[in-house]
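Colleague: Residue numbers (our numbering): 13 to 448. Heads up, the beta-carbon is just placed ideally off N, CA and C, and yes, glycines get one too. To start, I am sharing the structure in question, which I have written as structure tokens.
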């Protein structure tokens, strides 16, 4: 995407509400039409989201579109589900550069949405969504640029480690690890019973990069992370230490064979397929993972019985807050020239009733107050509790730093996984990308 890189907005989320979710949307300069002018003429909205696999998430979005059409027969919604990596890195950037982008689409906030706003791609929805933003709370700030709202979240939570309770029991692991020393001990015990300790989808890059993000969260202070996000300042040695800690962890061989080519979440052979089918004991992933596990498991009943979740362990003596977490979410934005009905559909998606239905799918944590009762899955309840109790939440680093720095950073991190990168080269890549 030919967009000039600018310093991103950082958000340390204060988890004071029961539920948070992240997403994005957009805005133009034209005033919204009077309510009486809406839904009078036939309109077709194109909607791109990342629920590309058959399962509860994809099925639910189809229901949401159908229900909205029933309420507003003049609005037809054409849906396309696109895998996250493809959507975020290729399809969406190309579409936004073209003269025919989708009307409503997945957006991740932070530096990415700032870049899109600076390129004049998004609709300013500030005035139209005041009530919805107030009901969601502070999470909406991730999708603001200079105080204006360019999107709304529908899902938000922190990431952690999903694990197989039965394999832990077989390996003699009494409780989920709370420190990296305990995690390393768990890896050793799982190897002893010939179980893959941790699955990682390095073939899609970002699942592997999130390990570095978490090491950075542990190595860097909150002030350092904030400065990095606001100023693209990566001078602190903690960023090099994150790479050193990652390399030391990789050297313990905690991952499956050929992890460098393994996709993240496509089918039973992907990283989350290994976890979902009892072939690996752990996977680092966000709150949405239960929904993707459901789509690739070969035994839904067994999955529901053994799956659990715990926060990313702390590192003793590190400068970072041990109770800090990496988090973020998903949302939607409207293209600048999208019809006014696009904003109405976005508002409908984040309404409490629709949000409760989303929560009931088990594919992630909703953001709207009034949707809390929809969270039924025990693992998701654990994530909700951890999200609300986290002292500090750092937005995903590739989102916080924007796509230019984020893509260069992810590539350099994966090079460490591949054995041909170094901790120093990650920081060099980030600094070089920030200068573009």
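For residue 489, which residues of its own chain have a beta-carbon under 8 Å away from its beta-carbon, when the five flanking residues on both sides are left out?
Modeller: Residue 489 lies beyond the range of the chain shown here (13 to 448); nothing can be said about it.
Colleague: Unbroken alpha helix (DSSP H) runs of length 4 or more, entirely within the segment 133 to 189: which are they?
Modeller: 142 to 148, 177 to 182, all fully within the segment 133 to 189.
Colleague: Residue 257 by DSSP, collapsed to three states: which one?
Modeller: If you number the chain shown from 1, residue 257 lands on position 245. Residue 257: helix per DSSP, three-state reduction.
Colleague: Note down the Cα distance separating residue 270 from residue 215, rounded to an integer number of angstroms.
Modeller: Here residue 270 is taken as the residue at index 258 of the chain shown, counted from 1. Here residue 215 is taken as the residue at index 203 of the chain shown, counted from 1. In a straight line, the C-alpha of residue 270 is about 9 Å away from that of residue 215.
Colleague: By a C-beta neighbour count over all protein chains shown, 10 Å radius and 16 as the cutoff for buried, is residue 260 buried or exposed?
Modeller: Counting from one through the chain shown, the residue named residue 260 turns up at place 248. Its Cβ having fewer than 16 others within 10 Å, residue 260 is exposed.
Colleague: Among 199, 345, 297, 333, whose alpha-carbon lies nearest the alpha-carbon of residue 125?
Modeller: Mapped onto the chain shown, residue 125 falls at position 113. The shortest C-alpha separation from residue 125 is found at 345.
Colleague: Check the C-beta distance from residue 281 over to residue 196 and give it rounded, since I have them as a contact under 8 Å.
Modeller: In the chain shown, counting from the first residue as 1, residue 281 sits at position 269. In the chain shown, counting from the first residue as 1, residue 196 sits at position 184. Not really, about 27 Å apart at Cβ, beyond 8 Å.
Colleague: Which complete beta strand (DSSP E) runs does the segment 183 to 243 hold, if anything under 3 residues is left out?
Modeller: The qualifying runs are 208 to 211.
Colleague: At 4 residues or longer, and completely inside the segment 292 to 372: list those alpha helix (DSSP H) runs for me, N to C.
Modeller: Counting only runs of 4 or more, we get 301 to 308, 312 to 318, 352 to 361, 364 to 372.
Colleague: Whose C-beta lies closer than 7 Å to the C-beta of residue 393 among residues of the same chain, with five residues either side of it excluded?
Modeller: For the purposes of this step, residue 393 is identified with residue 381 of the chain shown, where counting begins at 1. If we look at residue 393 and ignore the five residues flanking it on each side, its Cβ neighbours are 387.
Colleague: With a threshold of 8 Å, are at least 3 pairs of Cβ atoms found where one atom belongs to the segment 317 to 337 and the other to the segment 160 to 175?
Modeller: Judged by Cβ distances under 8 Å, the segment 317 to 337 makes contact with the segment 160 to 175, as three or more pairs qualify.
Colleague: Per DSSP, residue 60 is paired with what?
Modeller: Taking the chain shown and counting its residues from 1, the one referred to as residue 60 is at position 48. Paired residue(s): 92, 117.
Colleague: By the three-class DSSP mapping on this structure, what secondary structure does residue 268 have?
Modeller: Numbered from its first residue, the chain shown carries residue 268 at position 256. In the structure shown, residue 268 sits in coil (DSSP, three-state: anything other than H, G, I, E or B).
Colleague: So what does DSSP say about residue 405, is it helix, strand or coil?
Modeller: One-based indexing of the chain shown puts residue 405 at position 393. In this structure, residue 405 counts as strand in the three-state DSSP scheme.
Colleague: Shortest alpha-carbon distance to residue 229 belongs to which of 390, 337, 430?
Modeller: One-based indexing of the chain shown puts residue 229 at position 217. The candidate whose alpha carbon is nearest that of residue 229 is 337.
Colleague: Check whether the Cβ atoms of residue 362 and residue 379 lie closer than 9 Å to each other.
Modeller: For the purposes of this step, residue 362 is taken as residue 350 along the chain shown, with counting starting at 1. For the purposes of this step, residue 379 is taken as residue 367 along the chain shown, with counting starting at 1. Yes.
Colleague: What span of residues does the alpha helix (DSSP H) with residue 423 cover, start to end?
Modeller: One-based indexing of the chain shown puts residue 423 at position 411. Where residue 423 is concerned, the enclosing alpha helix (DSSP H) stretches over 414 to 430.
Colleague: What does the alpha-carbon distance come out to for the pair residue 433 and residue 246?
Modeller: Here residue 433 corresponds to residue number 421 of the chain shown, with the count starting at 1. Here residue 246 corresponds to residue number 234 of the chain shown, with the count starting at 1. Cα to Cα, residue 433 sits roughly 18 Å from residue 246.
Colleague: Residue 391: which of 85, 112, 213, 301 sits nearest, CA to CA?
Modeller: As a position in the chain shown, residue 391 is number 379, starting the count at 1. If we check each option's Cα against that of residue 391, 301 comes out closest.
Colleague: Just to confirm before moving on: does the CB-CB distance between residue 55 and residue 364 stay below 9 Å?
Modeller: Taking the first residue of the chain shown as position 1, residue 55 is located at position 43. Taking the first residue of the chain shown as position 1, residue 364 is located at position 352. No. Outside cutoff.
Colleague: Count the C-beta pairs between the segment 182 to 192 and the segment 302 to 313 that are closer than 8 Å, then say yes if the count reaches three, no if not.
Modeller: These segments do not touch.
Colleague: Under 8 Å, with one C-beta from each stretch per pair, do the segment 78 to 85 and the segment 124 to 141 reach the 3-pair mark?
Modeller: Because the criterion of three Cβ pairs below 8 Å is not met, the segment 78 to 85 and the segment 124 to 141 do not touch.
Colleague: When you compare the CB positions of residue 405 and residue 296, do they come within less than 9 Å of one another, or not?
Modeller: One-based indexing of the chain shown puts residue 405 at position 393. One-based indexing of the chain shown puts residue 296 at position 284. Contact: no.
Colleague: Which residues in the same chain as residue 248 place their Cβ atom closer than 7 Å to its Cβ, once the five residues preceding and following it in sequence are excluded?
Modeller: Locating residue 248 in the chain shown gives position 236, counting from the first residue. These residues qualify, in order along the chain: 232, 236.
Colleague: Please state if the CB of residue 399 and the CB of residue 303 are separated by a distance shorter than 9 Å.
Modeller: Within the chain shown, the letter at position 291 stands for residue 303. Within the chain shown, the letter at position 387 stands for residue 399. Against a cut-off of 9 Å, the Cβ pair of residue 399 and residue 303 comes out as no contact.
Colleague: Where do the N-terminal and C-terminal ends of the alpha helix (DSSP H) with residue 285 fall, by residue?
Modeller: Within the chain shown, numbered from 1, the residue matching residue 285 stands at position 273. It spans 283 to 288 - the alpha helix (DSSP H) in which residue 285 sits, taken as one unbroken run.
Colleague: Check whether the Cβ atoms of residue 221 and residue 421 sit closer than 9 Å, and answer yes or no.
Modeller: Walking along the chain shown from the start, residue 221 turns up at place 209. Walking along the chain shown from the start, residue 421 turns up at place 409. Yes.
Colleague: Using CA atoms only, rank isn't needed, just tell me which of 332, 283, 412 is closest to residue 242.
Modeller: Sequence index remark: in the chain shown, residue 242 carries index 230 (1-based). Answer by Cα proximity: 412.
Colleague: Within a Cβ cutoff of 7 Å, which residues of the same chain sit near residue 356, ignoring the five residues on either side of it in sequence?
Modeller: Start at 1 with the first residue of the chain shown, and residue 356 comes out as number 344. The residues are 50.
Colleague: Tell me the residue span of the alpha helix (DSSP H) that contains residue 438.
Modeller: Looking up residue 438 in the chain shown gives position 426. 435 to 446 is the extent of the alpha helix (DSSP H) around residue 438.
Colleague: Under three-state DSSP, which class holds residue 87?
Modeller: Start at 1 with the first residue of the chain shown, and residue 87 comes out as number 75. Reduced to three states, the DSSP call for residue 87 is strand.
Colleague: For residue 276 versus residue 289, is the C-beta distance shorter than 9 Å?
Modeller: Residue numbering aside, residue 276 sits at position 264 when the chain shown is read from its first letter. Residue numbering aside, residue 289 sits at position 277 when the chain shown is read from its first letter. No. Outside cutoff.
Colleague: For residue 424 and residue 294, I'd like the C-alpha separation in whole angstroms.
Modeller: One-based indexing of the chain shown puts residue 424 at position 412. One-based indexing of the chain shown puts residue 294 at position 282. Approximately 24 Å between the Cα atoms of the pair.
Colleague: Return helix, strand or coil for residue 55, following the three-state DSSP convention.
Modeller: The residue given as residue 55 occupies position 43 in the chain shown. It is a strand residue.
Colleague: Distance, Cα to Cα, residue 429 vs residue 257?
Modeller: Residue numbering aside, residue 429 sits at position 417 when the chain shown is read from its first letter. Residue numbering aside, residue 257 sits at position 245 when the chain shown is read from its first letter. One C-alpha to the other measures close to 12 Å.
Colleague: For residue 335 and residue 180, what's the separation of their Cα atoms in angstroms?
Modeller: Here residue 335 corresponds to residue number 323 of the chain shown, with the count starting at 1. Here residue 180 corresponds to residue number 168 of the chain shown, with the count starting at 1. The straight-line gap from Cα to Cα measures roughly 23 Å.
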